[in-house]
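Colleague: In the numbering used here, the protein residues as written are 3 to 130.
Don't be surprised by glycine CBs; every beta carbon is placed ideally from N, CA and C.
Just so you know, these numbers come straight off a predicted model, no measurement behind them.
So that we are looking at the same thing, I have put the structure below in structure tokens.
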Amino acid sequence: MVHVLSSRILLHPADPECSRIFYGESLGLPVYREFGTGPERGTVYFLGGGFLEVSGRAAVPPVPCLELWMQVADVRAAHEELSARGVEVLREPVREPWGLIEMWIRDPDGHRIVVVEVPADHPLRYRP
């Protein structure tokens, strides 16, 4: 078994600056570290228990197949805050049949981000 010490999602956007504005300002993800110089410099954001690295530039427009799942404490408050910042909301918060409250947004390259609240009574919150 490989002993993984850390991990991160690598994102090579069509427009790195637009993506840095989206993840750093619109979503408000805190910066873990930055490296390099110029428009294709790298920025690594804290993403809960992992990291999201925005670096380089895609040679061709990315195919929006990546999906991120980000848990928040209050998805309705996140909806209000992100809407006020101009983030494109694909679907407003809805309680799913499996009990999670989910909202869907999209990043500048079209990647879908699921913003999730785990209610206090959900099985993910406790062990029977």
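With burial defined as no fewer than 16 other Cβ atoms inside 10 Å of the residue's Cβ, what is the status of Phe37: buried or exposed?
Modeller: Mapped onto the sequence shown, residue 37 falls at position 35. Exposed, since its Cβ has fewer than 16 Cβ neighbours within 10 Å.
Colleague: DSSP state of Leu92, grouped into three classes?
Modeller: Within the sequence shown, residue 92 is the residue found at index 90, counting from 1. If DSSP states are grouped into helix, strand and coil, Leu92 belongs with the strands.
Colleague: What does DSSP give as the partner residues of Trp106 in its beta bridges?
Modeller: If you number the sequence shown from 1, residue 106 lands on position 104. According to DSSP, which records beta bridges pairwise, Trp106 is partnered with Arg93 and Val116.
Colleague: Is DSSP giving Glu82 helix, strand or coil here?
Modeller: For this step, residue 82 is matched to residue 80 along the sequence shown. Reduced to three states, the DSSP call for Glu82 is helix.
Colleague: By how many angstroms is the C-alpha of Glu55 removed from the C-alpha of Val77?
Modeller: Residue numbering aside, residue 77 sits at position 75 when the sequence shown is read from its first letter. Residue numbering aside, residue 55 sits at position 53 when the sequence shown is read from its first letter. So the two alpha carbons sit approximately 24 angstroms from each other.
Colleague: Can you tell me the Cβ-Cβ gap for Val91 and Met72, rounded? I've got them flagged as a contact below 8 angstroms.
Modeller: By one-based count along the sequence shown, residue 91 stands at place 89. By one-based count along the sequence shown, residue 72 stands at place 70. The pair is not a contact, with the Cβ atoms about 14 angstroms apart (cut-off 8 angstroms).
Colleague: On the CB-based measure, 16 or more other CB atoms within 10 Å of its CB, does Ser21 come out buried or exposed?
Modeller: In the sequence shown, counting from the first residue as 1, residue 21 sits at position 19. Buried, since its Cβ has 16 or more Cβ neighbours within 10 Å.
Colleague: Closer than 8 angstroms by C-beta to Pro18: which residues in its own chain qualify, once you throw out the five before and the five after it? Chain order, please.
Modeller: Stepping through the sequence shown from its first residue, residue 18 is reached at position 16. For Pro18, where only same-chain residues beyond five positions count, the Cβ hits under 8 angstroms are Pro41, Glu42, Arg43, Val56, Ser57, Gly58 and Arg59.
Colleague: Do Thr45 and Tyr25 count as a contact pair if the criterion is CB distance below 9 angstroms?
Modeller: As a working note, residue 25 is residue 23 in the sequence shown. As a working note, residue 45 is residue 43 in the sequence shown. Against a cut-off of 9 angstroms, the Cβ pair of Thr45 and Tyr25 comes out as a contact.
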